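See below for the structure under consideration.
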Amino acid sequence: MAEIRVENAVKTFGKVVAVDDVSLTVEDQEFVVLLGPSGCGKTTLLRAVAGLGIVDSGRIMIGDRDVTYLAPKDRNISMVFQSYAIFPHMRVFDNIAFGLKMKRTPKDEIQRRVQSAAELLHIESFLDRYPSQMSGGQRQRVAVARAIAVPTEVLLMDEPLSNLDALLRLEMRAELKRLLAELKVTTIYVTHDQIEALSMGDRIAVMRDGKILQFDSPTTVYDMPADRFVAGFIGTPPMNFLEGQVRRANGAIEVYIGDYALKPIPEMNETLARYDGQHIVAGIRAENMEALDTPAEDALRVTVLVVEPLGSQNLLTIRIGEDVIKVATHPDFRAAPDQDIWIRFPSSKIRWIDRDTGRALVPDLDKLVS
Amino acid sequence: MFRTKFRSIVILVLVAMLTGVLGVSAQDGSVTFMSTQFNIVEESDKIRTILADFGEVEFVPSEEGPMIDLLRAEAETGEGSVDLIGALHGTFPVLQNEDVLFDLSDLLAQLEENYELPESFVELGKLGTADYQYYIPWMQATYIMAAHVSALEYLPEGADINALTWEQFAEWAKNIYDGTGEAQLGLPVAGLFHRFLEGYLYPSFTGGMVTGFKSPEAVAMWEWFRDELWPYVHPQSVTSYEFMQEPLLAGEVILAFDHTARLINAFNDKPDEFVGFPAPTGPAGLGFMPVVVGLGVPYTSADPDGAEALIDFLLQPETQGRVLQDLAFFPVVGGVDTTDLPEGVAIEAAAVEAQAASPDALPALLPVGLGDRGGEINEIYRNAFSRIVLNGEDIQTVLDDEGAALQSLLDETGAPCWPPDAPSEGACQLQ
Amino acid sequence: MTTRTLDPVQRRAIRQRQLRRASVYALAILIALWILLPIWLIGTMAFSTQQDVYGYPKQIAPIPFTTETMEFFVNQEGILEATRNSVLVAVITLVLSTAIAAPAGYAISRYFFAGRDAFRLGILAVRAFPIVILAVPLAVTFIEWGMFDKVYSVALMHTALTLPTTILVVSSVFASIPREFEEAAKVFGCNAYQAFIRVVLPLVIPGIAASAIFTFVMSWNEVFAATLLTIRNRTLPALILYSLNKSSLQFQYAGGFFMLAPSLVFIFVIRRYLFNMWGQITK
Amino acid sequence: MNKKKWNLAPYLLILPSFIYLAVFFAWPMVRSLQLAFVRDSQILPVLAEADPDADVVGRLEMQTQVAVVDRTRLDEVLPNGRTRPVYWFKIVGETEGGEQIEGWTHQKNVFIESRTTSETARVTSGEGAKEWTLDYVERMINDYRFTNALKTTLILIVLILPIQFVLAIVMALVLQAQLRGSTIFLYIYAIPLGISDLAAGLVWVSIFTQRGFLNTFLQQIGIINEPFIYLSADHQNWMIVAIVLAEVWRATSIVMVIVVSGLQAIPREYLEAGELFGASLWQRLRHIILPLLKPSLQVALILRTILAFQVFAVVVAITGGRVLTVLAYETYRWYDPGDSGFNNPNMAAAYAGFIMLISLAFAVFYLRTVRTQEEAARE
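This is the structure in structure tokens:
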């Protein structure tokens, strides 16, 4: 059992609060991704778990042990570094065997474990090489092999793929996911790449300014972002935002974008009623809108600014009032700049956001943020 | 790869430490003889060979300052490593002041039974006291002139090389310049040139070294030096010439002034090509500077008997003869066999003899009584030279300036006048 | 080479390019000659016969080649002794300086601690101070302590002189080793000491060795302190300086070459590290 | 609970170097200032009895003439087995204030013609007394050679530094051009780093001496008919030229290394952008490279200036140190206990202090000028 529990962790560097009273529980064998822009505190949090930086206050538990102030070597953890930190003066074999040697593992066992780690990562033929004789991707594999060679229940990864080129990254992403599923270790994975996070994590903790904004499964984080930042950070393209005014008309609540009225689903009525007469933000993902080349009754007429054919879809940039939004259409949808088209907004796909606080408005907010 | 590099560094360190340890330990039970003379390596070698005949002697060449510091320190602890010191006359007043030397009167009495020591040198060794023999004279040297035979054809008509006047000397240098197109008189301006000013020019022109420093005679002398002599001095004198034997042998100069020990190689290597002759005479006489080297025993000596025995050995005519032969320092005792001298030494000996025997001879002592500030007086004379001759400053102004510095040096050290100046009560005063 | 014909504009552009490149080459070679020529000349003198050394006009190549002049120099009393002293001083300096500087350099490159910037600044200040200000009082002090005229006292002085540079160089060498190496070692079971010995040390040794050689060269060449602190146990430069005007041309030429030759080798050994060392200091 | 651990490790690590620099740098510096401003004079304490531990009854200045009214002889047995007669004298003398003092003193403190019979003596030593004085500084400033040294030092700096910097920048740009064999050029350009000022001096003497290479060359191509004497008091300009060449030859490498490091830190894009927009080499140098290099150049300038104040072996090798002298050589000469020196550490300390002062002044000046330019740019 190696559940990781971070309780009220705080870490400051001078006046900067890098980790601001964060609590987080990673279940045994779970793969959790810490996601956020650079400087959000995700790496600091990971390093605190690794023991490479000691938190100013709070507690870190691995399994049943309080490891808050323990040295890294006493935490029974393993780690993959962003720059790999493969020792240039050791052969690949010695690099992979390093952690085992430090733990005074018997020779034959070292041999066996290094071999199997190397095989898992397809680098068994490079064991005699020095790191300088290898490519970036191969070095990355060595770093992972070194991390999984040691028998530990906790694996920490600090942006392990960020130094790879796009194609390799794609390949390694799948491979790492397969590997970790096989290994059944508890993993914390730090990245700023939301696609990595969505595709790999069991759960994603989105961080900003030292705080966790949302900690949930990838689909929830994508579909039901807890606030405007999360919504804008995740997804390609990010969620569109339109500003509108809430009006009560004929007993129903409607939100006006200019003259066009969006109709919220009935469940939202009660919540939105509180905003009567005020401005509010509607969020909707590009793929959730419907583009039409002919006028339709409940569709909004807009002008196309840019057309980006992406193969699987066409991405249109259009202007609505002050806002510029992106709409994904079927690749067969024909549109040209300056052309008028009509857009329909399915009510169930619209997320409502408080303009001032940035928090998402849901009937029961507490359900989203666990 | 890294490991072997590391190992070699470790070995390097060990080697360094070992050699360091070995280098520090050097001790034996011999007589330690520290000397401010012969501290150039070749000379040290020669004197060591001579001393080897006495027995176990550790010859330690030293500069004056450190030797004084060492003796001072040893007197404080009461136990010393130096048994015998050899130094110029001018060094001893400092040691007198420190009261670190034995009175060697008894030893002198014994020595005088066997050796014939000149009374004037013995008197010098008392340093102005009546009955305390601070040092026993050891050897002497002086400064003389040297010329290449090719220079002789330019000698002014009617001039006797052994009785030149400074005027004739300047004329000679000019003749050489006119004849060869090159200034070929060499002065050791980079070397002991201050002795030339202190012991030769000043006494010859003013009759004294210090008192007449800014006198009208001195002004006339500088004028003459600047206008009549300097134009014919080889320009590299100022930058390069410290030992005149080098440029003489290289043929850069054919006429030169220097210490006997700094000319000897020229005379020895090419005795047929070089002649030695006494310094010229000036209006006030033939100023010259005998250099007396004395031997003293610090009372902290661990082996005073050995030191006294070594003094005896050094005064033996045979030893004195060998020092003359090998090192060109002249004997202080009579009876030294000079018949079989190397030709070079013989040339010098004749010149030294002629210089001292001149009826106008005006021997000038090295500065006395200035203590550890002895170096500064030399600089005053050198400064005067640089400013007057090289920079062309006004003579009287320069002499007044530098004279003031000289006077304050004398006042601060309380040094009374020394020969050739007339003795003074208290600090010596400039005219 | 393609044989396609180029229009005149293209050809002119190519020619200009070649011309520019050639002129940069010419400049590079000219500067190299400016540096090498004097070395060649002194080498010529050092390996010419005595006759040629004194002769005029001078030759520009040592023909006939002879080691006579070098032998004359090496056989001068005191030269071997002085060389030994110089090597000894330089080695002690190198060891002492590196041993003291390495921990400080490590601390500066790896820890943030109160007073770190002050310490760095202080070190820069030390480096900026004239040697002369130190040499005189140290000589006086060494006399008082009975350490005057000892080989090791010169080494102590040289250590003080080279220490600031060595600390800064060493710290930049350490700084060039990513912190993650150490962190990785710690994560995989090392304590701080093991991480240093197993991971950092093997990586910094070449850089530190280069800095040590540089320290050696600085000490080997240093004249001022060596001249002030020694009388009998002269180091080579001090001895040569002392006997400069007293000595023959042979001695001077051979001495010049003898002092200069080791530098040719040492600079060659550490040439790759030069910018590493100095580049980071200037920041 | 805010548990911020006070980490002792870095302090332990810097401790050895800290102590070393304190002992061999900070302390000597204080000592140096002390030497320059404190005079060790002597004054004789006259004692109540012929015993070193007796009470002091008064003090006499050096060189005071005293009457000897009584004497006593002790025989001191020395460790070497001999006995040495040591006299104590009862003396009467007058202090500077005119006070009569009568008491005993040891023989080492007075000069006396005969220890057994003389009736007068002169005070020649006593115990140390320290006093603050500006005498050394005054003497230094009034020293005839001081002006020469200061002038020559400054002239050399003014002549050498600009040449060095131009040459160093050219060298750096040449290396930056990535020629084939640039590592060899780099090595050659770096060679002088390892060459001492003394060796450089000797090398250039061999070129400039009367029978040297320069004359050989000039004579062979027919410019001169007979060897010209460059290094003489009459041709001080030639000596300056020789020193400047030797120094440029020897000490440009360090500037070059610093400049190259600085250049490497400039992103290539800046230079390429300059080139793309049609800037000539000179324009790129003037508007892109030099401004970006300013911090490096500043460091190099300060370093070179400070080192330039300390060089003297080149000067001594070329000029003999008499006709032309520099401050560092004067320091050495005043200290030097040998026969060309004056054995006066106090004066040497005064010179050393002056060099420090002037070096610092230059450093501050450089920092100031550069900073004001930056501030001006910001407005």
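Read top to bottom, the protein sequences are chains A, B, C and D. Each residue of the first sequence is one higher than the one before, starting from 6 at the first, in this note's numbering. Each residue of the second sequence is one higher than the one before, starting from 138 at the first, in this note's numbering. Each residue of the third sequence is one higher than the one before, starting from -5 at the first, in this note's numbering. Each residue of the fourth sequence is one higher than the one before, starting from 5 at the first, in this note's numbering. Glycine residues also receive a C-beta, built at the ideal position from the N, C-alpha and C atoms. On a predicted model such as this, the values are computed, not experimentally measured, just so you know.
Neighbouring residues, chain D, relative to residue i (Cβ below 7 Å)
| i | result |
| --- | --- |
| Gln373 of chain B | Gln214, Ile233, Leu235, Ser236 |
Assumed close pair residue i, residue j - CB separation to whole angstroms, cut-off 8 Å
| i | j | result |
| --- | --- | --- |
| Ser36 of chain D | Pro131 of chain C | 4 Å |
| Thr41 of chain C | Ala90 of chain A | Note on residue identity: the sequence assigns Phe, not Thr, to residue 41 of chain C. With a Cβ gap of about 53 Å, Phe41 of chain C and Ala90 of chain A do not count as contacting. |
| Pro255 of chain B | Val469 of chain B | 6 Å |
| Pro32 of chain D | Ile94 of chain C | At roughly 17 Å, the Cβ-Cβ gap does not stay under 8 Å, so Pro32 of chain D and Ile94 of chain C are not in contact. |
| Thr209 of chain C | Thr135 of chain C | With a Cβ gap of about 23 Å, Thr209 of chain C and Thr135 of chain C do not count as contacting. |
Sequence-distant residues of its chain with Cβ nearer than 8 Å to residue i (five each side left out)
| i | result |
| --- | --- |
| Thr43 of chain C | Pro58, Thr60, Glu62, Thr63 |
| Gly157 of chain B | Its pLDDT being 39, under 50, Gly157 of chain B is placed unreliably by the model, and the measurement read from it follows with that caveat. Hits under 8 Å: none found. |
| Tyr24 of chain D | none |
Residue burial classification, residue i (beta-carbon count within 10 angstroms, cutoff 16)
| i | result |
| --- | --- |
| Trp108 of chain D | buried |
| Ser237 of chain C | buried |
| Gly19 of chain A | exposed |
| Asn319 of chain A | buried |
| His226 of chain B | buried |
| Ile115 of chain A | buried |
| His285 of chain B | buried |
Partners in chain C for residue i, counting only beta-carbon separations shorter than 8 Å
| i | result |
| --- | --- |
| Leu294 of chain D | Ordered by position in chain C, no residue passes the 8 Å Cβ test against Leu294 of chain D, which lies about 16 Å from the chain. |
| Asn11 of chain D | Tyr105, Phe107 |
Residues that residue i contacts on chain B, provided the C-beta gap is smaller than 9 Å
| i | result |
| --- | --- |
| Ser17 of chain C | Going along chain B, no residue has its Cβ under 9 Å from Ser17 of chain C, so there is no contact; the nearest lies around 40 Å. |
| Asp1 of chain C | Simply none; closest approach about 55 Å. |
Chain C residues whose Cβ lies nearer than 7 Å to that of residue i
| i | result |
| --- | --- |
| Glu179 of chain B | Glu71 |
| Val155 of chain A | Phe182 |
Spatial neighbours of residue i in its chain, beta-carbon cut-off 7 Å, leaving aside the 5 residues before and after
| i | result |
| --- | --- |
| Gly443 of chain B | Val168, Asp220 |
| Gly325 of chain D | Val319, Tyr333 |
| Arg10 of chain A | Thr30, Met66 |
| Gly249 of chain C | Phe67, Ile234 |
| Phe234 of chain A | Arg213, Leu218, Gly363 |
Under 7 Å from the C-beta of residue i: neighbouring residues of chain B
| i | result |
| --- | --- |
| Ile137 of chain C | Asp206 |
| Thr128 of chain D | Asn234 |
| Ser118 of chain D | Thr266, Ala267, Asp268 |
Listed by chain order, chain B residues near residue i by CB distance under 8 Å
| i | result |
| --- | --- |
| Phe346 of chain D | Arg510, Gly512, Glu513, Glu516 |
| Asp143 of chain C | Pro203 |
Residues near residue i by beta carbon distance below 6 Å, same chain, minus five either side
| i | result |
| --- | --- |
| Thr302 of chain B | Pro417, Thr418 |
| Glu354 of chain B | Phe342, Thr343 |
| Leu120 of chain C | At residue 120 of chain C the sequence reads Val, which differs from the Leu that was named. Within the same chain, Val120 of chain C has close Cβ partners Pro158. |
| Leu267 of chain D | Ala176, Gln180 |
| Gln34 of chain A | Lys189, Thr191 |
| Asp198 of chain A | none |
Chain C contact residues for residue i, given Cβ-Cβ distances below 9 Å
| i | result |
| --- | --- |
| Gly68 of chain A | Here the premise fails: no neighbours, minimum Cβ distance about 17 Å. |
Which of the residues in the stretch 72 to 106 of chain D, read from start to end, lie with their CB under 7 Å from any CB of chain B? Contacts with chain B (Cβ-Cβ distance below 7 Å) from the stretch 72 to 106 of chain D involve Leu82, Pro83, Asn84, Arg86, Arg88, listed in chain order.
Short of 8 Å Cβ to Cβ, which residues in the stretch 206 to 239 of chain B face chain C? From the stretch 206 to 239 of chain B, only Asp206, Ala210 have a Cβ closer than 8 Å to chain C.
Residues of the stretch 36 to 60 of chain C in Cβ contact with chain D at a cutoff of 7 Å, in chain order, please. So the list reads Ile36, Met39, Tyr50, Pro51, Lys52, given in the order they occur along the chain.
Listed in chain order, which residues of the stretch 238 to 263 of chain C have Cβ atoms closer than 9 Å to some Cβ of chain D? Only Leu238, Asn239, Leu243, Gln246, Tyr247, Gly249, Gly250, Phe251, Phe252, Met253, Leu254, Pro256, Ser257, Leu258, Val259, Phe260, Ile261, Phe262 from the stretch 238 to 263 of chain C bring a Cβ to less than 9 Å from some Cβ of chain D.
Closer than 7 Å, Cβ to Cβ, to anything on chain B: give me those residues from the stretch 307 to 334 of chain D, in chain order. For chain B, the residues of the stretch 307 to 334 of chain D that bring a beta carbon within less than 7 Å of one of its beta carbons are Thr323, Gly324, Arg326, Val327, in chain order.
Taking only beta carbons into account, state which residues of the stretch 178 to 196 of chain C come closer than 7 Å to chain A, listed in chain order. Residues of the stretch 178 to 196 of chain C with a C-beta atom less than 7 Å from some C-beta of chain A are Ala178, Lys180, Val181, Phe182, Gly183, Cys184, Asn185, Val193, Pro196, listed in chain order.
Pull out every residue of the stretch 32 to 57 of chain A whose Cβ sits closer than 7 Å to any Cβ of chain C, in chain order. From the stretch 32 to 57 of chain A, only Ala55, Leu57 have a Cβ closer than 7 Å to chain C.
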